[in-house]
Amino acid sequence: MGGSGEAVGALRDWQYEGAPMQLHPGDLGWFWRFGAEATAAAVRTWRRDGRIFAVGLLDEPTFLRLAIAPEVKQDRELAQHLVEDIALPEGKVSVEAPMDALVQDLLLESGWNADEPWTPLRRDLSKPVQDPGLRIGVTGPEQAHVRTAVQRAAFDGSTFTDERWRAMAAGLPYADARCLVAYDQGDPVAAVTVWSAGPGKPGLIEPMGVHRDHRGRGYGRAITVAAAAAPQELGSSSAVVCTPSFNVGAVATYKAAGFQQLPEIRALSRM
């Protein structure tokens, strides 16, 4: 076990251009909306000789997301330890691990099954990003209520409140993040949060949503273009995002904003 601050540092170190999709410091940053204590309780770390080699985020009570240091993804001792040490409740549980990690093979050999596929997408940021065509505002404390209202209007059941925005913004990963809101004639129509892992590393989009009253007008593409420009300004080498493969509308929106579709990834589940 270890502190969430150390975990954020390790996750930053493990991001590199062309790496298979795995847990990003921005994923911890988005979870931080539940508060520092809840985030620390949800983070797992695995060490060897005092150094962190794997980080897990219990994103939900039955869903663990894993990241592994690149140089030990095929380390059998570590993989076996992870398989034995994944402490999840009985019943259906899921684990998301890097597709190129040995732990994937060991879980499958242990009777785990492939879950529903997700589609990662990536946009290279080595060239200038076009103008999104809408006014884009960067959210600060005074605009937090606008950002959270768009989130709730974009996702049914969202519990994103002003208090949770402040908790997220106070978290360590948000030092390299921005919340953006797109406006059309003064109306907030879409929002996104983007996370940097540092200069020369992939940045993450998590989450992006369009207000339910303003869909079908190209606002998703516009806010996604803005979401590429923001990490570029922060020094990111690319912008990445991952969405359920069944959400064909989201995949189409990201592709329309210049993102390239990558091979699907799958979590593994155990009944």
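If you're matching positions, the sequence shown starts at 1 in full-length UniProt numbering and goes up one per residue. Ideal Cβ positions, reconstructed from N, Cα and C, are used throughout, including at glycine. Note that the structure is a prediction, hence the values are computed from the model and not measured.
One Cα belongs to L107, the other to N113, and the distance between them is close to 8 angstroms.
The continuous alpha helix (DSSP H) containing I223 extends over residues Y219 to E233.
Using a 10 angstroms sphere on the CB of D75, the tally of other CB atoms reaches 16 or more, which defines it as buried. Collapsing the DSSP output to three states places W112 in coil.
R270 is a Cβ neighbour of V93, given a cutoff of 7 angstroms. When the Cα atoms are used, Q261 and S158 turn out to be separated by approximately 27 angstroms. For H81, the CB contacts under 8 angstroms within the same chain, skipping 5 residues up- and downstream, are W46 in chain order. Taking C-beta atoms under 8 angstroms as the contact rule, A267 and E96 qualify, at a distance of about 4 angstroms. Taking a cut-off of 8 angstroms on C-beta distances, the region 148–156 does not touch the region 19–30, as fewer than three cross pairs fall below it.
In this structure Q130 is exposed. Its beta-carbon is surrounded by fewer than 16 other beta-carbon atoms within 10 angstroms. Contact annotation: R164 and R33 have beta-carbon atoms nearer than 7 angstroms. For the 7 angstroms CB-CB criterion, P231 and V194 form a contact.
Residue range A144 to A154 is occupied by the alpha helix (DSSP H) that includes A153.
Taken atom to atom, the span from the alpha-carbon of E6 to that of W14 is near 13 angstroms. E206 sits buried, since 16 or more C-beta atoms from the chains shown fall within 10 Å of its C-beta. With respect to L172, V55 sits apart: the two C-beta atoms are not nearer than 7 angstroms. Between A191 and the set A197, A175, V210 and P117, the nearest pair of CA atoms involves V210. A direct Cα-Cα distance of roughly 16 angstroms separates A38 from R65. Residue pairing of S238 in beta bridges, as defined by DSSP: D124 and P202.
A check of alpha carbon separations from H145 across I265, G218, F160 and H214 identifies F160 as the nearest. Just measuring C-alpha positions, the residue of A79, K73, I68 and I223 sitting nearest I136 is I223.
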